[in-house]
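Comments concern the structure below.
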Amino acid sequence: MFSVEEPEQDIQPGTVLDVTLIRKAGEGFGLNIVGGTDSREFGNNTSIFISSINTYGPAIACGQLDVGDRLLQINDFSLLEVTHSEAVDAFRKAGTSITLTIEKFAQQLLVAQLSTDNVSCGATFGERVKNFINSWAGAVLIGTSTGALVMYTVSKFWKHNLK
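If you're matching positions, the sequence shown starts at 1122 in the numbering used here and goes up one per residue.
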């Protein structure tokens, strides 16, 4: 069961909206998260993002959540400047109903900004490759077997050829 404050049509990247998810007792909300102040998945960005959505459960059923959405708040608990564990605990303690305040496709906007910064700042080739590994690859490929293979290959290349 779910409800949303805004219709799904024409939601632009960066749009902030509230989504309410209701789960059955003892079940999850059907999503996984990545990020936090103790994580460097995305360079210096400490935001909490949706990293995956299960094929069942409230998150997929609502139709409003996507991988890469930034989680700003769970009910009255701010997710700005929290550790990954604090964000996970907020989900666990939330009860059966939560209202998530999200920023749509924020992870993709972050990656685009990091890519633009990488080109415009005059970074060396080695710095650009390192930034790619630390930001774009983590944001786009994290959690996939293809991503793991790409990360392994790029890290071996980095280790042996770009020191």
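Every residue, glycine too, gets a C-beta built ideally from N, C-alpha and C.
{"Query": "Pop quiz: isoleucine 1219 and isoleucine 1181 are said to be a contact at Cβ under 8 Å. What is the actual Cβ separation, rounded to whole angstroms?", "Result": "Wrong, their Cβ atoms sit about 15 Å apart, outside the cutoff."}
{"Query": "Could you give the C-beta distance for cysteine 1183 and leucine 1142, rounded to a whole number, given that I count them as a contact under 8 Å?", "Result": "6 Å"}
{"Query": "Select from Gln1228, Asp1210, Glu1224 the residue whose C-alpha is nearest the C-alpha of phenylalanine 1150.", "Result": "Asp1210"}
{"Query": "In the DSSP assignment, what residue or residues form a beta bridge with glycine 1156?", "Result": "Ile1169"}
{"Query": "For leucine 1230, which residues of its own chain have a beta-carbon under 8 Å away from its beta-carbon, when the five flanking residues on both sides are left out?", "Result": "Pro1134, Gly1135"}
{"Query": "To test your reading of the DSSP string, which unbroken alpha helix (DSSP H) runs of 4 or more residues are found completely within the stretch 1165-1219?", "Result": "1179-1183, 1205-1213"}
{"Query": "Could you say which of Phe1198, Asp1190, Lys1145 lies nearest to isoleucine 1171 if we only look at CA atoms?", "Result": "Asp1190"}
{"Query": "In terms of alpha-carbon separation, which member of Glu1202, Gln1185, Ala1146 lies closest to leucine 1193?", "Result": "Glu1202"}
{"Query": "When the distance is taken between beta carbons, is glutamate 1224 closer than 8 Å to glycine 1155?", "Result": "Correcting the residue identity first, residue 1155 is valine in this sequence and not glycine. It is not a contact, given that the beta carbons lie outside the stated cut-off."}
{"Query": "Tell me the residue span of the beta strand (DSSP E) that contains threonine 1141.", "Result": "1137-1143"}
{"Query": "Measure how close the beta-carbons of histidine 1205 and serine 1160 come, nearest whole angstrom, since I'm counting them as under 8 Å.", "Result": "5 Å"}
{"Query": "Check this for me: beta carbons of phenylalanine 1226 and aspartate 1187, under 8 Å apart or not?", "Result": "yes"}
{"Query": "Note down the Cα distance separating glycine 1157 from threonine 1217, rounded to an integer number of angstroms.", "Result": "24 Å"}
{"Query": "Less than 8 Å between the beta carbons of leucine 1221 and aspartate 1139, yes or no?", "Result": "yes"}
{"Query": "Mind checking glutamate 1162: buried by the 16 CB within 10 Å criterion, or exposed?", "Result": "buried"}
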